[in-house]
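**Student:**
There are 2 protein chains.
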Amino acid sequence: MSIIVLGTVALDTVKTPHGQRRHMLGGSAVHFSMSCRLFTDVHLVAIIGGDFPARHVDFLHRKGLVLTSLLRSKGKTFRWEGEYQGDLNSALTRNTELGVLLSFSPMVSESQRRIKNIFLANVDPDIQSRLLDSMHAPHLVGLDSMNYWIHNKRASLVRLFKRVDVYVANDQEARDLTGEHNLIKAARRLRALGPRIVLIKKGEHGVILSCDKFQFCLPAYPTAAVVDPTGAGDTFAGGFMGYLCSKPLTEVNLKKAIAYGTIAASFNVEGFGLERTSRLTLAQVNKRLQEFKKILRF
Amino acid sequence: MSIIVLGTVALDTVKTPHGQRRHMLGGSAVHFSMSCRLFTDVHLVAIIGGDFPARHVDFLHRKGLVLTSLLRSKGKTFRWEGEYQGDLNSALTRNTELGVLLSFSPMVSESQRRIKNIFLANVDPDIQSRLLDSMHAPHLVGLDSMNYWIHNKRASLVRLFKRVDVYVANDQEARDLTGEHNLIKAARRLRALGPRIVLIKKGEHGVILSCDKFQFCLPAYPTAAVVDPTGAGDTFAGGFMGYLCSKPLTEVNLKKAIAYGTIAASFNVEGFGLERTSRLTLAQVNKRLQEFKKILRF
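In order, the protein sequence lines correspond to chains A and B. Everything in the first sequence is counted per our numbering, starting at 1 for the first residue and increasing by one. Everything in the second sequence is counted per our numbering, starting at 1 for the first residue and increasing by one.
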């Protein structure tokens with residue numbers, strides 16, 4: 001079963017203690033797709049500017065993504081510039097140029113409207129809502145957001161909560177939204193707002209899943225090779241949603257989906273941008289997943 | 001096989017969002033003992049002042065601790081006063097009165113010198129070293145410390161590293177000691193200083209074990225009922241060391257020991273001071289351990 005992902009396609013300039021890269025291909029929808037494609041067909045809904053290099057479009061095509069709803073508009077592609085210092089957990093945003101994102105209105109084809117799995121990666125919640133309006137039969141809807149929207153479009157975001165199955169937050173977002181520091185409690189409060197499944201990502205500390213039937217927690221895959229964490233959360237979500245696309249939402253499947261997301265994210269952080277995930281295969285993911293299981297067993 | 005624990009016996013005044021308690025029985029050696037006693041005989045090596053309530057001595061005796069090396073001296077018992085705010089992960093120290101700790105020189109009986117398992121809970125590293133000098137046949141030596149000693153007695157602490165098997169640090173201590181933010185790398189650097197096993201405690205985020213043969217990570221038991229985290233790290237260490245006292249240091253046993261420490265600590269945070277751990281039984285620990293295994297399974 002296919003999935004449709006709405007989000008950003010970006011040109012990222014990133015500096016970490018391991019070096020610097022300028023105008024790399026990035027963005028929430030791209031990082032999501034790079035892991036999700038290992039499990040299913042991914043339809044990308046996003047916008048790029050006139051300055052977007054043709055080689056990046058070729059690349060996305062070669063990776064098997066369906067690009068019929070990748071709009072090209074006059075103006076500049078969305079650009080993000082950030083830096084990670086000693087603490088590779090949190091980025092310092094140096095600059096953001098929204099460019100074509102400012103006038104983005106997602107358009108999908110009639111056949112895409114019938115896709116049942118939807119992921120609303122981080123963009124303006126009003127845009128996320130508009131895409132959801134156009135879908136005929138949503139079955140599994142996932143949502144990500146960020147602090148900017150929590151603070152500036154909270155009402156829109158909270159309305160959206162009632163229409164999604166899975167909300168993926170990071171720890172700070174969960175705390176900001178609920179005013180609750182304890183993440184177990186924060187996850188419960190988020191579920192009370194609508195989503196029946198809440199995932200809280202804690203970066204190097206792993207992830208918590210909360211739903212009405214059970215809870216689950218998983219540490220991150222322990223790696224010393226963190227080069228650039230940009231997109232790790234989206235890569236996680238891509239693995240998680242990708243695994244679930246063709247499976248019922250049972251406890252077993254949700255836990256496996258989190259494990260797949262975790263392993264996908266562990267590859268993402270090992271290189272700048274898409275360096276590592278663009279070459280990733282499901283066999284490599286499965287191999288590391290087995291190692292991870294061994295590490296965790298007691 | 002018995003264990004000897006050197007550390008503090010304290011009167012703690014603690015404020016958290018859940019309330020306040022004044023002059024509770026606490027201290028590193030006491031919290032350690034409260035979980036360790038579930039597994040083995042615990043010999044306490046510590047000092048108390050003339051003001052130490054007799055009922056606390058009775059309590060420690062009733063809990064089965066061997067108190068022959070609990071010195072009573074003129075002067076005031078060590079007192080700590082701290083507060084936890086929204087973030088229950090880190091304490092703000094309001095006041096510390098070292099009192100009798102200033103003149104503490106540990107003394108152990110001839111029979112205690114033959115005890116093979118030793119835990120050096122947090123006190124001055126020179127005092128920790130002195131106790132170790134007096135032991136005849138150390139077999140398993142664990143060490144804890146704190147930022148104060150890392151900054152003020154670093155040379156003493158680093159000398160001590162060469163004489164211990166297990167060093168238990170929290171994430172901030174590991175980073176301060178090594179200058180390395182990535183905890184997997186920090187653990188490796190700490191092992192290069194002497195201890196063949198390094199545990200890094202991450203509070204609500206669980207624990208990492210690093211040794212030459214394997215690594216292991218475990219999230220904390222997910223609980224919304226955090227009342228007072230004081231002593232959680234010592235309670236963890238008590239469960240960990242207690243489980244290992246009569247077992248070879250195999251991968252399986254080390255992982256189980258970490259799980260036992262994690263579960264013991266999860267009870268500690270549910271009440272002020274020793275409220276919960278003083279009533280704890282091994283059956284309760286085992287029951288929660290089974291639940292935890294179920295939560296983690298995927």
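Idealized CB from N, CA, C, for every residue including glycine. Model, not experiment: these values are computed from the prediction.
Assess, as a yes-or-no matter, whether the segment 107-118 of chain A is touched by the segment 228-239 of chain A under the definition of 3 or more beta carbon pairs within less than 8 Å.
**Tutor:** Contact fails: fewer than three Cβ-Cβ distances are below 8 Å.
**Student:** List, in order along the chain, the chain B residues whose C-beta lies closer than 8 Å to that of residue 184 (chain A)?
**Tutor:** Stepping through the first sequence from its first residue, residue 184 (chain A) is reached at position 184. Under the 8 Å cutoff, chain B gives 222, 223, 224.
**Student:** So, does the CB of residue 172 (chain B) fall closer than 9 Å to a CB anywhere in chain A?
**Tutor:** The residue you call residue 172 (chain B) lines up with position 172 of the second sequence. Chain A contact via Cβ: absent.
**Student:** Going straight from the alpha carbon of residue 165 (chain A) to that of residue 105 (chain A), what length do you get?
**Tutor:** For the purposes of this step, residue 165 (chain A) is taken as the residue at position 165 of the first sequence. For the purposes of this step, residue 105 (chain A) is taken as the residue at position 105 of the first sequence. One C-alpha to the other measures close to 23 Å.
**Student:** When you compare each of B:98, B:264, B:137, B:181 to residue 221 (chain B) by their alpha carbons, which one comes out closest?
**Tutor:** If you number the second sequence from 1, residue 221 (chain B) lands on position 221. When each option's Cα is compared against that of residue 221 (chain B), the closest is B:264.
**Student:** Name the DSSP bridge partner or partners of residue 197 (chain A)?
**Tutor:** Numbered from its first residue, the first sequence carries residue 197 (chain A) at position 197. Its beta-bridge partners are A:166, A:211.
**Student:** Should residue 256 (chain B) be flagged as near chain A, meaning a C-beta pair shorter than 9 Å?
**Tutor:** Position 256 of the second sequence holds residue 256 (chain B). True, the Cβ-Cβ gap to chain A drops below 9 Å.
**Student:** If contacts are defined as beta-carbon pairs under 8 Å, then residue 89 (chain A) and residue 261 (chain A) qualify, I think. What distance do you get, rounded to the angstrom?
**Tutor:** One-based indexing of the first sequence puts residue 89 (chain A) at position 89. One-based indexing of the first sequence puts residue 261 (chain A) at position 261. Rounded, the Cβ-Cβ distance is 17 Å, inconsistent with contact.
**Student:** If you draw a straight line from the alpha carbon of residue 169 (chain A) to that of residue 180 (chain A), how long is it in whole angstroms?
**Tutor:** As a working note, residue 169 (chain A) is residue 169 in the first sequence. As a working note, residue 180 (chain A) is residue 180 in the first sequence. Computed Cα separation, rounded: 14 Å.
**Student:** Spell out a yes or no on whether the segment 153-164 of chain B and the segment 67-80 of chain B are touching, meaning 3 or more CB-CB pairs, one atom from each, closer than 8 Å.
**Tutor:** The segment 153-164 of chain B is not in contact with the segment 67-80 of chain B.
**Student:** Return the residue from the list B:194, B:19, B:201 that minimises the CA-CA distance to residue 175 (chain B).
**Tutor:** Mapped onto the second sequence, residue 175 (chain B) falls at position 175. The option with the nearest alpha carbon to residue 175 (chain B) is B:201.
**Student:** Does the segment 19-39 of chain B come close enough to the segment 53-70 of chain B to have 3 or more Cβ pairs within less than 8 Å?
**Tutor:** Judged by Cβ distances under 8 Å, the segment 19-39 of chain B makes contact with the segment 53-70 of chain B, as three or more pairs qualify.
**Student:** I'd like the span of the beta strand (DSSP E) that includes residue 69 (chain B), first residue to last.
**Tutor:** Numbered from its first residue, the second sequence carries residue 69 (chain B) at position 69. Unbroken beta strand (DSSP E) run through residue 69 (chain B): 66-72.
**Student:** Who does residue 217 (chain B) pair with in a DSSP beta bridge?
**Tutor:** Sequence index remark: in the second sequence, residue 217 (chain B) carries index 217 (1-based). BP columns for residue 217 (chain B) point to B:208.
**Student:** Return the residue from the list A:60, A:13, A:171 that minimises the CA-CA distance to residue 37 (chain A).
**Tutor:** Indexing the first sequence from 1 puts residue 37 (chain A) at position 37. The option with the nearest alpha carbon to residue 37 (chain A) is A:60.
**Student:** So, using beta-carbon positions, are residue 244 (chain A) and residue 257 (chain A) closer together than 9 Å?
**Tutor:** If you number the first sequence from 1, residue 244 (chain A) lands on position 244. If you number the first sequence from 1, residue 257 (chain A) lands on position 257. Their beta carbons are under 9 Å apart, which means residue 244 (chain A) touches residue 257 (chain A) by this criterion.
**Student:** At what residues does the beta strand (DSSP E) containing residue 95 (chain B) begin and finish?
**Tutor:** The residue given as residue 95 (chain B) occupies position 95 in the second sequence. 92-97 is the span of the beta strand (DSSP E), which, as asked, contains residue 95 (chain B).
**Student:** With respect to the alpha helix (DSSP H) encompassing residue 252 (chain B), which residues constitute its N-terminal and C-terminal limits?
**Tutor:** Numbered from 1 along the second sequence, position 252 holds the residue referred to as residue 252 (chain B). Start and end: 251-268.
**Student:** Nearest to residue 125 (chain B) by alpha carbon, out of B:11, B:144, B:107?
**Tutor:** For the purposes of this step, residue 125 (chain B) is identified with residue 125 of the second sequence, where counting begins at 1. Cα-wise, what sits closest to residue 125 (chain B) is B:144.
**Student:** At which residues does the beta strand (DSSP E) containing residue 242 (chain B) begin and terminate?
**Tutor:** In the second sequence, the residue the question calls residue 242 (chain B) occupies position 242. It is not in any beta strand (DSSP E) - residue 242 (chain B) instead sits in the alpha helix (DSSP H) that spans 232-244.
**Student:** For residue 209 (chain A), which of A:226, A:227, A:240, A:235 has the nearest alpha-carbon?
**Tutor:** Stepping through the first sequence from its first residue, residue 209 (chain A) is reached at position 209. It is A:240 whose Cα lies nearest to the Cα of residue 209 (chain A).
**Student:** Enumerate in chain order the residues of its own chain whose CB-to-CB distance from residue 198 (chain A) is below 6 Å, with the five nearest sequence positions on each side excluded.
**Tutor:** Counting from one through the first sequence, the residue named residue 198 (chain A) turns up at place 198. Same-chain partners within the cutoff: 167, 187, 190, 191, 210.
**Student:** What's the C-alpha gap between residue 217 (chain A) and residue 50 (chain B)?
**Tutor:** The residue given as residue 217 (chain A) occupies position 217 in the first sequence. The residue given as residue 50 (chain B) occupies position 50 in the second sequence. Approximately 47 Å between the Cα atoms of the pair.
**Student:** Here's a check: name, in chain order, each residue in its chain whose Cβ is nearer than 8 Å to the Cβ of residue 147 (chain B), leaving out the five neighbours to either side.
**Tutor:** Within the second sequence, residue 147 (chain B) is the residue found at index 147, counting from 1. Around residue 147 (chain B): 172, 173, 176.
**Student:** When we look at the beta-carbon of residue 250 (chain A) and count the other beta-carbons within 10 Å, is it buried (16 or more) or exposed?
**Tutor:** The residue given as residue 250 (chain A) occupies position 250 in the first sequence. Burial call: exposed.
**Student:** By the three-class DSSP mapping on this structure, what secondary structure does residue 117 (chain A) have?
**Tutor:** Position 117 of the first sequence, counted from the start, is the residue given in the question as residue 117 (chain A). Three-state DSSP puts residue 117 (chain A) in a strand.
**Student:** Looking at the structure shown, is residue 228 (chain B) part of a helix, part of a strand, or coil, going by DSSP?
**Tutor:** In the second sequence, residue 228 (chain B) corresponds to position 228, counting from 1. In this structure, residue 228 (chain B) counts as coil in the three-state DSSP scheme.
**Student:** What are the start and end residues of the beta strand (DSSP E) that includes residue 22 (chain B)?
**Tutor:** The count along the second sequence starts at 1 and reaches residue 22 (chain B) at position 22. Residues 19-26.
**Student:** Cβ atoms of residue 120 (chain B) and residue 6 (chain B): under 9 Å apart, would you say?
**Tutor:** One-based indexing of the second sequence puts residue 6 (chain B) at position 6. One-based indexing of the second sequence puts residue 120 (chain B) at position 120. Result yes, Cβ atoms of residue 6 (chain B) and residue 120 (chain B) sit closer than 9 Å.
**Student:** Report back the beta-carbon spacing between residue 9 (chain A) and residue 46 (chain A) to the nearest angstrom; my notes put them in contact at under 8 Å.
**Tutor:** The sequence position of residue 9 (chain A) within the first sequence is 9, counting from 1. The sequence position of residue 46 (chain A) within the first sequence is 46, counting from 1. That pair is a contact at about 4 Å.
**Student:** Which residues of chain B have a Cβ atom closer than 8 Å to the Cβ of residue 215 (chain A), listed in chain order?
**Tutor:** Numbered from its first residue, the first sequence carries residue 215 (chain A) at position 215. Correct list: 222, 295.
**Student:** Give the residues of chain A in contact with residue 86 (chain B), contact being defined as C-beta atoms less than 7 Å apart.
**Tutor:** Looking up residue 86 (chain B) in the second sequence gives position 86. The contacting residues are 181.
**Student:** As a quick exercise: from B:108, B:289, B:139, pick the residue whose alpha carbon is nearest that of residue 130 (chain B).
**Tutor:** As a working note, residue 130 (chain B) is residue 130 in the second sequence. The candidate whose alpha carbon is nearest that of residue 130 (chain B) is B:108.
**Student:** Under three-state DSSP, which class holds residue 301 (chain A)?
**Tutor:** Absent from the model: residue 301 (chain A). The displayed extent of chain A is 1 to 298, so no value can be given.
**Student:** For residue 242 (chain B), which option in B:298, B:267, B:141, B:155 has the closest C-alpha, if you only look at C-alpha atoms?
**Tutor:** Numbered from its first residue, the second sequence carries residue 242 (chain B) at position 242. The shortest Cα separation from residue 242 (chain B) among B:298, B:267, B:141, B:155 belongs to B:141.
**Student:** In the DSSP assignment, what are the bridge partners of residue 142 (chain B)?
**Tutor:** Working through the second sequence from its first residue, we reach residue 142 (chain B) at position 142. Its beta-bridge partners are B:119, B:166.
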